[in-house]
Amino acid sequence: MTVLVVGATGATGRLLVKELLDRGASVRVVARDVDRLDESVREAPALSIVQASISKMSDQGIRELVAGCTAAVSCLGHNLSFKGLFGPPYRLVTDATRRICKALQAEGGDAPRRFVLMNTTGVRNPDVDERISAPQKLIILALRLLLPPHSDNEGAAHHLRRRIGPSNPHLEWVVVRPDGLVDHDVVSDYDLHPSPTRSAIFDAGQTSRINVAHFMAALVTDADLWERWKGATPVIYNAGTV
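Number 431 in my numbering belongs to position 62 of the sequence shown; there are no gaps in the numbering.
Here is the structure:
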């Protein structure tokens with residue numbers, strides 16, 4: 370199994386790459402600054418590195434990037450700086466999702482390819498009637514209008530739910546939605562829910578990045594877990610978050 374990871378040098382992406390390698394997967398990453406990967410990871414025989422910016426790759430480059438991959442995982446996100454939040458590319462996550470999914474579908478083969486998108490509990494899934502309070506609706510509307518990364522995350526999830534759909538014969542997907550991200554050193558118990566069990570705005574829980582990485586790696590390597598969540602948008606909380 371070869372898994373493509375984009376956003377591999379981010380806080381969660383680095384953990385995901387290591388988790389996949391520990392599970393025996395071959396991992397392909399695309400990154401502008403490969404030095405941000407741990408040296409021990411860079412030297413792993415099962416890791417291949419493409420040094421490039423995903424947003425600047427041609428369609429042919431994307432097709433070559435996914436060639437031979439059975440799955441792809443996106444940990445892409447916007448930097449938490451003024452330029453990262455308000456500067457281009459405004460549709461980094463959405464455009465990468467669209468282009469990678471298109472290339473994966475073109476791969477063909479007997480089994481559908483898998484795509485996992487790391488998203489956020491702030492992005493609702495209207496297909497499962499996730500109800501939120503009026504004040505939270507107003508805040509999300511403001512985020513959508515004023516904070517480009519939020520609408521970008523919404524666009525990426527929308528593309529999978531509506532454009533790809535839950536029954537595509539060539540591509541299956543899962544949107545993983547952590548709540549407030551925190552850094553822990555080791556994997557701990559975590560809970561999975563079809564929808565948020567608390568308000569992402571007024572009562573956010575916690576999800577450690579290493580737990581997110583563990584769950585996403587398990588998704589693409591464990592057939593039973595994949596069958597449980599494919600076509601869904603599971604929410605992940607550290608255990609004890611109600």
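All C-beta atoms in this analysis are idealised placements derived from N, C-alpha and C, irrespective of residue type, glycine included.
Within this structure, are the beta carbons of residue i and residue j separated by less than 9 Å?
i	j	result
Thr576	Asn494	no
Val589	Leu389	yes
Ser568	Ala608	no
Leu416	Val399	no
Tyr606	Asp572	no
Leu486	Ala526	yes
Asn488	Val544	yes
Glu499	Pro565	yes
Lys599	Pro535	yes
Leu497	Arg546	As written in the sequence, residue 497 is Val, which differs from the Leu given in the question. Not closer than 9 Å, so no.
Leu373	Cys438	yes
Pull the bridge partners of residue i from the DSSP assignment, please.
i	result
Leu416	Val396
Ser577	Val551
Phe343	This structure cannot speak to residue 343, because the chain is shown only from 370 to 611.
Asn607	Tyr559
Thr371	Ser395
So, for residue i: in the same chain, excluding its five sequence neighbours on each side, which residues have a beta-carbon less than 8 Å away from its beta-carbon?
i	result
Arg513	His519, Ser520 and Glu523
His528	Thr463, Thr466, Arg467 and Cys470
Ser427	none
Gly430	Ala421
Arg432	Ala472 and Ala475
Val403	Thr378, Arg411, Ile418 and Gln420
Pro458	Ser424 and Asp464
Pro563	Val497, Ala601, Thr602, Pro603 and Val604
Among the residues of its own chain, which have a CB less than 6 Å from the CB of residue i, if the five just before and after it don't count?
i	result
Ile579	Leu384, His553 and Val556
Gly574	Asp548, Arg567, Tyr606 and Thr610
Val492	Asn522, Glu523 and Ala526
Thr490	Arg546, Asp548, Pro565, Ala569 and Val604
Please work out which residues of its chain come closer than 7 Å, Cβ to Cβ, to residue i, disregarding the five sequence neighbours upstream and downstream, and give them in chain order.
i	result
Ala587	Leu594
Ala582	Thr381, Leu384, Leu385 and Glu388
Phe455	Pro517
Arg435	Correcting the residue identity first, residue 435 is Val in this sequence and not Arg. Taken in chain order, the residues that qualify are Leu373, Ala441, Ile469, Ala472, Leu473 and Glu476.
Arg392	Ala586 and Thr590
Ala413	Leu390
| message | Below 8 Å, how does it come out for the segment 376-394 and the segment 432-446: are there three or more Cβ pairs, yes or no? | response | yes
| query | Touching or not, the segment 533-540 and the segment 475-483, by the rule of three or more beta carbon pairs under 8 Å? | reply | yes
| Start-end ranges of the alpha helix (DSSP H) lying completely within the segment 425-473, minimum 4 residues | 428-435 and 451-455
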